[in-house]
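In the working numbering, the protein residues as written are 61 to 1184.
Beta carbons: idealized from backbone N, C-alpha and C, even for Gly.
Predicted, not measured: the structure shown is a model, and the values here were computed from it.
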């Protein structure tokens, strides 16, 4: 614990950042400025130290981006999905969700569970096999095997076998010992598998499987259409099939007498082992016979599953095979059951599917009950037990990307009642028609940990929808969905001046502001609109009020289009100020309310002007829009804050600031940024019209998400998948910054925080409002008591404190106007201002005042009239410091400062970064204290103590930050943060040592001890005549003693790189391997004991059979043949 005592006696206004007319570059060195006497001593005990911080990933939510492979453990009932970036997601029951990442980043080609063994084999595109240990909450790689000379194409691991068959591109089949991960000397060479007379190479191995009838027979399928059954004991081929169509997959009948193949011409062939010269049956399920007698050409059938059922006809399930002539048809999964053919259309292309069966044994009747279908952007499970094949309701949050995510917000430690309320409203709108059976992927164990508290994640989307998610206890469940587009009429493409530049996503959400206590919610849209919502448990008939705010300047000075073409730059500055002109309509009028004197004004979106019935939940009360002016689109809104206690909403863009009274539905302030300063402009600029450059404004504004994400309309479609990466190169960084919604991208633009010279500012007076916050503060040095204030931060590093006078009585508040005083304090720091935070003089966080939620649509109670109940946070009760001021924390993209209010003295300064810039910053509570958390463009995550701004943690977390992460990264209380790691996934992280220590308890168990189901009794005669399938010993054939060692140059064994920390997690101590070996021995001993018991039972059964047979023989011995 470090104790900071700061005696402030007579602090002068010339201290860094403290004066109202300070220079732009002030306080370059981190540390504390000089002090002078002040009447009061500030005593803050800082409790946070570096040991309180540890950065790590916690959990990943959403659908795996670009999936490539699928596997299922039928005993453990867990599912694995591999992706193109080398990630593996392992899913069980809700709460059991684990993400693993291959360090190489190579795509996962295939996944194979060691069924009921708690292990997984992954085959990657870099020709490496990996063995993952799943008997720990965070899986780790135990072994890897890198193939040097051959490329892996297919893998097969028989049930309860420790030998993995690996097919390669050259057509060879190698065998790997799973326990040691060493290659066996036994190899099936392609030239031995095919006949010597064959002149062509059979192609890569596309299928491997052991015969259900005899494990000593391996079926090898080659791409060209050749199929070979290889006798592993005799080391020769039993039979060879040469078919003239390429093979994609093979599936056995459980009796091992037939198998089915899918081919590239859309056909299915059925082969019988008695006669392999030709197929028993050739079918084109989707190929119709044309008029000329020819079959339609069909697409390849990529996979087929041939599954038998005890009580009905076999199931034949396959993907693909549709005819080519039906253009535009969606991808399909076909289920053939007897004579019935059902075609299920999918929303996205099918990556892989897998049929789930009741038994893990391939030589028993399969009895399929479900099909897991992995699509490019979704995961669905089809119920096979019902004739209409309904899908199961997916319990995982796989639809985060239903519409591309454009913004995120994260709220920890919410009021406990908000989650049940949102869930109850959202549950009424759930889809129906799902299967009534339980979700079949139900493996693993998960319990609600002791370190849980209510958490909510909000995602905004390109289609204007908002989703509220319950993120408590590292899970994610959708609570409620809100569609902001319902506030507006459907846009008609041909209507209006805005049509030519309005994007396909005019409702896209740019930012959100939510007050969980008052349940007031604000949405900023890409079409320069703001929607204010109130929450109600009752439906209502309402008419939405619309306000029109003109944050453009007067048009008296604007040059004509013809002049603009010849002179695209700013003209010489004109004297005089041009304040934006407010205008509002109440209620909304269909014409947009264009007054006389304002030419060519149009709104981007038309608010519904009729009374509408709104369901329970969030109900729109007010819409604020920035209109087009003189053919120019409005600048996008760059900052927003709302305060329920004050009843005010403030927002700004690069033209200026507006404050709206949402209780009285009036505009209180609408002013350009320069006019806010009055005479206190620290840069002493001349005001002028910022709308000189018509061409650049119209080119870079109102292009929907193109301006939100990047600089060209063409990249709207791809920006969600491949957003531009920020580079450490200063030029590219400058370009990216100039494209942000808060600044113009022009040749002569002021690149934020790159220069502090007045000359650069003179060239461009665009000073964006980058952050806003309401709170109780001191607008002037002379103020004795705190009053409601609005803190304004700009892109030039200027902080304005604007005092307000708000009527306190409820009736007066609804009638008397709110007055906003002229600008009070003007403070300075380097770089664009990102975040404000307030502490009392004891170092405790001061929350903004709020109004307690009340349902305005609830029935009136005469005994208890509804009144506004306001909550104001007072400073620490340990000292009577109501009038003694507070600390203001200000963070910009380069610097952090702590000011003492009302004296406006700068107490502490810290230069956060020189080579990069801060993207996100927030004052958060961690370990019963507060700190400043920052995320930089170079991928560093930092925390600073408060108020001293002492560095506590600096971790290079992400080597290169792309724009998606930059847009969606957000901090919250409790030492947590999140970002969009891919267009479909949310990654949550923690920077708290306490949560890091408790993470193991919070994660789910992937492996649970389950007894392997017994194989069905095959019967005496079937076992006697069914061959010697169970006497096959792979160890004798593939072991080093029999097969010898494989060539060292063929594959390289790489032991798992768990490290010391990984070993702690993986083994729970130094004797983890011994413990695992002991468990394995116990399990093996248990199996041997079970085998002994079964042998004894069989002996008893045989003796009984012998006894009965002898008795029958004695009984019938003396009978004549005609007596039977």
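{"query": "Exposed or buried, which one is residue 530 when buried takes at least 16 other CB atoms within 10 Å?", "result": "buried"}
{"query": "Would you decide whether residue 1168 is buried or exposed? Buried here means 16 or more other CB atoms lie within 10 Å of its CB.", "result": "exposed"}
{"query": "Could you check the C-alpha separation between residue 893 and residue 1063 for me, to the nearest Å?", "result": "38 Å"}
{"query": "Take residue 729 and list the residues in its own chain whose beta-carbon comes closer than 7 Å to its own, dropping the five residues that flank it on each side.", "result": "717, 718, 719 and 880"}
{"query": "Give, in chain order, every unbroken run of the beta strand (DSSP E) that is at least 3 residues long and sits entirely within the region 153 to 231.", "result": "157 to 161, 168 to 174, 179 to 184, 188 to 193, 200 to 207, 212 to 216 and 223 to 228"}
{"query": "Within 10 Å of its beta-carbon, does residue 140 have 16 or more other beta-carbons around it, so buried, or fewer, so exposed?", "result": "buried"}
{"query": "Helix, strand or coil: which one does DSSP assign to residue 537?", "result": "strand"}
{"query": "When the Cα atoms are used, what is the spatial distance from residue 322 to residue 359?", "result": "11 Å"}
{"query": "Using DSSP bridges, identify the partner residues of residue 960.", "result": "947 and 965"}
{"query": "Here's the rule I'm using: 16 or more other beta-carbon atoms within 10 Å means buried, otherwise exposed. How should residue 147 be labelled?", "result": "buried"}
{"query": "Could you give the DSSP three-state label for residue 504: helix, strand or coil?", "result": "coil"}
{"query": "From the DSSP output, in three-state form, read off residue 1046 for me.", "result": "strand"}
{"query": "Go through the region 720 to 749 residue by residue and report every complete run of the beta strand (DSSP E) that reaches 3 residues or more, in order.", "result": "726 to 732"}
{"query": "DSSP three-state label for residue 29, please.", "result": "No statement about residue 29 is possible, as the shown extent of the chain runs from 61 to 1184 and does not include it."}
{"query": "Kindly list the residues whose CB is nearer than 7 Å to the CB of residue 118, restricted to its own chain and excluding five residues on each side of it in sequence; keep chain order.", "result": "534, 1048, 1049, 1050 and 1059"}
{"query": "Mapping DSSP to helix, strand and coil, what is residue 910?", "result": "strand"}
{"query": "Got a sec? Which residues, its chain only, sit under 7 Å from residue 1119 by beta carbon, not counting five neighbours each side?", "result": "With a pLDDT of 36 at residue 1119, under the threshold of 50, the modelled position of that residue is not reliable, and the figure given next carries that caveat. Taken in chain order, the list of residues that qualify is empty."}
{"query": "For residue 106, count the other beta carbons within 10 Å of its own beta carbon; 16 or more makes it buried, fewer makes it exposed. Which is it?", "result": "buried"}
{"query": "Determine the burial state of residue 739: buried for a count of at least 16 other Cβ atoms within 10 Å of its Cβ, exposed for fewer.", "result": "exposed"}
{"query": "Specify the secondary structure class of residue 1024 as computed by DSSP and reduced to three states.", "result": "helix"}
{"query": "With H, G and I counted as helix, E and B as strand and the rest as coil, what does DSSP make of residue 483?", "result": "helix"}
{"query": "Does the beta-carbon of residue 888 have 16 or more other beta-carbons within 10 angstroms, so that it is buried, or is it exposed?", "result": "buried"}
{"query": "Do you know offhand how far residue 580's Cα is from residue 681's?", "result": "10 Å"}
{"query": "Please identify the residue among 1151, 1161, 1160 and 1107 whose C-alpha is closest to the C-alpha of residue 234.", "result": "1107"}
{"query": "Can you tell me where the beta strand (DSSP E) holding residue 251 begins and where it ends?", "result": "Careful: residue 251 lies outside any beta strand (DSSP E), inside the alpha helix (DSSP H) at 250 to 253."}
{"query": "Assign residue 344 to one of three DSSP states: helix, strand, or coil.", "result": "coil"}
{"query": "Could you give the first and the last residue of the continuous alpha helix (DSSP H) run that contains residue 1098?", "result": "1094 to 1098"}
{"query": "Would you call the region 486 to 498 and the region 596 to 603 in contact, with 3 or more CB pairs under 8 Å?", "result": "no"}
{"query": "Looking at the structure shown, is residue 880 part of a helix, part of a strand, or coil, going by DSSP?", "result": "strand"}
{"query": "Spatial neighbours of residue 310 within its chain, please: CB distance less than 6 Å, with the 5 preceding and 5 following residues excluded, ordered by chain position.", "result": "267, 281, 319 and 321"}
{"query": "Return the CA-CA distance between residue 851 and residue 699, expressed in angstroms with no decimal places.", "result": "12 Å"}
{"query": "Does the region 333 to 342 come into contact with the region 362 to 375, if we say contact requires no fewer than three beta-carbon pairs (one atom in each stretch) closer than 8 Å?", "result": "no"}
{"query": "Using the C-alpha atoms, what's the distance from residue 113 back to residue 964?", "result": "31 Å"}
{"query": "To the nearest angstrom, how far is the alpha carbon of residue 926 from that of residue 604?", "result": "22 Å"}
{"query": "Nearest-angstrom Cα distance between residue 445 and residue 429?", "result": "6 Å"}
{"query": "Taking Cβ to Cβ, would you say residue 1186 is nearer than 8 Å to residue 406?", "result": "What is shown of the chain runs 61 to 1184, which leaves residue 1186 out entirely."}
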